[in-house]
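Engineer: Residue numbers (this note's numbering): 4 to 402. Glycine is no exception: its CB is placed at the ideal position from the N, C-alpha and C atoms.
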RNA sequence: GGGUCGGUACCGAAGUGGUCAAACGGGGGAGACUGUAAAUCUCCUGGCUCACGCCUUCGAAGGUUCGAUCCCUUCCCGGCCCA
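This is how it looks when you write it as structure tokens:
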């Protein structure tokens, strides 16, 4: 059953969407025709966990699923080994088959938070090594003949590297070809992806048109960017993983820049337009942005971890950071033998090395039951108890 | 293939025989101030060591030297120019 309500279609094609190509109207018309379409979004398993950026894409995919269309979560099992050159100042490190396999292992499980893989109109999971690994040299050359070197170099990150005299490897030109071929192999009507994927997605449009004489639509989603306008991703550092513990996730959300509140609301939550506008108004009128951020953080955590976890994470935050109480749950560690504070910090993983442990202590970053510890080499006797804390948010309960 | 310049810590980038674990910037961490925000300020940012100090690190391997990131040789990789 395909939903053809133009208002709903319009909402799906608008919220969090940067652009629809070739045109939004044409795609809206096709979606409204009642035909069940097939569309996909690709994910390269380059990290162990999906992060919030992936969640945005999965959420959009889900919206199309809810409209009654067939959606595919494509694991870039093959493309991940090549490395997507998008947005990278330098060539990306290629992953081994083992790494890719390892990373991909839990992705479907994490994706079930967003997509229905069972029941009616279940989402499909595919891997692109199935077809990409089988292409012959001749086929690859034929694909490549649809593009020119100039078109490739036109891409801004290639142009940037070109201008800066940084290496651009030939195999990096293969990436758009491969991603484009995915659309051909799966015979999709549309592809969804981040705006940074526009070039690759359009390569698919070109190939679908050339090889199958069909139209493929492209839905480019807005990116969640940090205050420098940089895309948030694992390789850029500092990101929220979908499987972060609720309290951790809540904390990260609270620590982010105020300017991210509205983009997050739009892209990562189901808050209605009215709710978003209301929050915007409040922010403009001078309400403490912390309150809006708390609401946002709770919504996001609830979405990823359930209603209860979100409520609990918020309580944890209020207790620990606003009322300055100790968290109720934390890692326990039993001091079984006498050791120096520095050693203790290392074994409890609060510090990575003894040197770091010493530095933290010297700078007043380590407390035991809220008392600053000043001697990194003080002996901690067996049975020492209390809450050992590093900085603002890392705790270990000693017993 | 030839010429030329280069490969430095998480990233960018100085250093060009001892004073180099290696300037500076970014990123990251801690502290102050806060709203666990931003901005700002301070400190830290290879490992071991209470410490003196020791060890590992400047593309790789050899060599010269009392001593090499720095000089030489070979090799690997890259930019630019020429073919």
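Return the residue from the list 6, 158, 217, 178 that minimises the CA-CA distance to residue 45.
Structural biologist: Of the candidates 6, 158, 217, 178, the one whose C-alpha sits nearest the C-alpha of residue 45 is 178.
Engineer: Does the pairing of the region 38-52 with the region 67-87 give three or more beta-carbon distances under 8 angstroms?
Structural biologist: Yes, since at least three Cβ pairs between the region 38-52 and the region 67-87 fall closer than 8 angstroms, the two stretches touch.
Engineer: Figure out for me which residue from 137, 37, 199, 167 has the closest Cα to the Cα of residue 20.
Structural biologist: Of the candidates 137, 37, 199, 167, the one whose C-alpha sits nearest the C-alpha of residue 20 is 199.
Engineer: When burial is assigned at 16 or more other CB atoms within 10 Å of the CB, is residue 309 buried or exposed?
Structural biologist: Exposed: under 16 other Cβ atoms inside 10 Å.
Engineer: Name the DSSP bridge partner or partners of residue 24?
Structural biologist: In DSSP, residue 24 forms a bridge with 221.
Engineer: Report, in whole angstroms, the separation of the C-beta atoms of residue 379 and residue 344, which I expect to be a contact under 8 angstroms.
Structural biologist: With 8 angstroms as the limit, residue 379 and residue 344 qualify as a contact, their Cβ atoms being about 5 angstroms apart.
Engineer: Taking 7 angstroms as the threshold (C-beta atoms), are residue 252 and residue 264 in contact?
Structural biologist: Not closer than 7 angstroms, so no.
Engineer: Rounded to the nearest angstrom, what separates residue 202 and residue 18 at their Cα positions?
Structural biologist: The alpha-carbon atoms of residue 202 and residue 18 are separated by roughly 21 angstroms.
Engineer: In chain order, what residues of the same chain have a beta carbon less than 7 angstroms from the beta carbon of residue 210, not counting five sequence neighbours either side?
Structural biologist: If we look at residue 210 and ignore the five residues flanking it on each side, its Cβ neighbours are 146, 149, 183, 184, 186, 187.
Engineer: Would you kindly report the start and end of the unbroken alpha helix (DSSP H) that includes residue 108?
Structural biologist: Counting along the chain, residue 108 falls outside any alpha helix (DSSP H), and DSSP gives it neither H nor E.
Engineer: Less than 7 angstroms between C-beta atoms, sequence neighbours within five positions excluded: which residues of the same chain meet that for residue 125?
Structural biologist: Same-chain partners within the cutoff: 119.
Engineer: Please list the segments of the alpha helix (DSSP H) lying wholly inside the region 128-154, counting only runs of 4 or more residues, in order along the chain.
Structural biologist: Whole alpha helix (DSSP H) segments, 4+ residues: 132-135, 140-147.
Engineer: Ordered along the chain, which non-local residues of its own chain (more than five positions away) have a Cβ less than 7 angstroms from that of residue 66?
Structural biologist: The answer, listed in chain order, is 15.
Engineer: Do residue 71 and residue 23 have their C-beta atoms within less than 7 angstroms of each other?
Structural biologist: For residue 71 and residue 23, no; Cβs fall outside 7 angstroms.
Engineer: Over what stretch of residues does the alpha helix (DSSP H) that includes residue 161 continue unbroken?
Structural biologist: First-last of the alpha helix (DSSP H) with residue 161: 159-166.
Engineer: Could you tell me the alpha carbon to alpha carbon distance between residue 413 and residue 152, rounded to whole angstroms?
Structural biologist: Residue coverage of the chain in this structure runs from 4 to 402, which leaves residue 413 outside it and unanswerable.
Engineer: Could you check if residue 383 is buried or exposed, using at least 16 other CB atoms within 10 Å of its CB as the buried criterion?
Structural biologist: Counting Cβ neighbours within 10 Å, residue 383 comes out buried, since at least 16 surround it.
Engineer: If you count every other CB in all the chains shown that lies within 10 Å of the CB of residue 233, and 16 or more means buried, which is it?
Structural biologist: Its pLDDT being 43, under 50, residue 233 is placed unreliably by the model, and nothing is read from it.
Engineer: Count the other CB atoms, across all protein chains shown, that sit within 10 Å of the CB of residue 26; report buried if there are 16 or more and exposed otherwise.
Structural biologist: Exposed: under 16 other Cβ atoms inside 10 Å.
Engineer: Just to confirm, are residue 59 and residue 34 a CB contact at a threshold of 7 angstroms?
Structural biologist: Not closer than 7 angstroms, so no.
Engineer: Where does residue 240 fall in DSSP's three states?
Structural biologist: Confidence is the limiting factor: at residue 240 the pLDDT is only 35, short of 50, which leaves the residue's position unreliable, though a coordinate-based value still follows. Residue 240: coil per DSSP, three-state reduction.
Engineer: Within its chain, find whatever has a CB closer than 8 angstroms to the CB of residue 376; leave out the 5 residues flanking it on each side and keep chain order.
Structural biologist: Same-chain partners within the cutoff: 344, 364, 369, 370.
Engineer: In or out: residue 194 buried (at least 16 other Cβ within 10 Å) or exposed?
Structural biologist: It is buried - the Cβ of residue 194 has at least 16 other Cβ atoms within 10 Å.
Engineer: Straight-line CA distance for residue 297 to residue 255?
Structural biologist: Distance between the alpha carbons of residue 297 and residue 255 is about 11 angstroms.
Engineer: If residue 181 sits next to residue 331, beta carbons under 8 angstroms apart, how far is it from one beta carbon to the other, in whole angstroms?
Structural biologist: Incorrect: roughly 49 angstroms between the Cβ atoms, too far for contact.
Engineer: Counting along the chain, where does the alpha helix (DSSP H) carrying residue 269 start and finish?
Structural biologist: Taken as a continuous stretch (DSSP letters only), the alpha helix (DSSP H) holding residue 269 covers 264-271.
Engineer: By how many angstroms is the C-alpha of residue 114 removed from the C-alpha of residue 121?
Structural biologist: Between residue 121 and residue 114, the C-alpha separation is close to 12 angstroms.
Engineer: By the three-class DSSP mapping on this structure, what secondary structure does residue 194 have?
Structural biologist: Strand at residue 194.
Engineer: Using CA coordinates, which residue listed in 275, 108, 39 is at the minimum distance from residue 52?
Structural biologist: With distances taken between Cα atoms, residue 52 lies closest to 108.
Engineer: Using the DSSP secondary-structure output, state which residues sit across from residue 342 in a beta bridge.
Structural biologist: Bridge partners of residue 342: 383.
Engineer: Starting from the Cα of residue 105, find the closest Cα among 55, 117, 128, 50 and give me that residue.
Structural biologist: Of the candidates 55, 117, 128, 50, the one whose C-alpha sits nearest the C-alpha of residue 105 is 50.
Engineer: Going by the beta-carbon positions, is the gap between residue 303 and residue 316 smaller than 7 angstroms?
Structural biologist: No.
Engineer: Given a cut-off of 7 angstroms on the beta-carbon distance, is the pair residue 385 and residue 349 in contact?
Structural biologist: Their beta carbons are not under 7 angstroms apart, which means residue 385 does not touch residue 349 by this criterion.
Engineer: Output the boundary residues of the beta strand (DSSP E) element that contains residue 336.
Structural biologist: It spans 334-336 - the beta strand (DSSP E) in which residue 336 sits, taken as one unbroken run.
Engineer: Quick check on the DSSP output: the beta strand (DSSP E) that includes residue 397 runs from which residue to which?
Structural biologist: Run containing residue 397: 397-401, per the beta strand (DSSP E) assignment.
Engineer: DSSP three-state label for residue 331, please.
Structural biologist: Reduced to three states, the DSSP call for residue 331 is coil.
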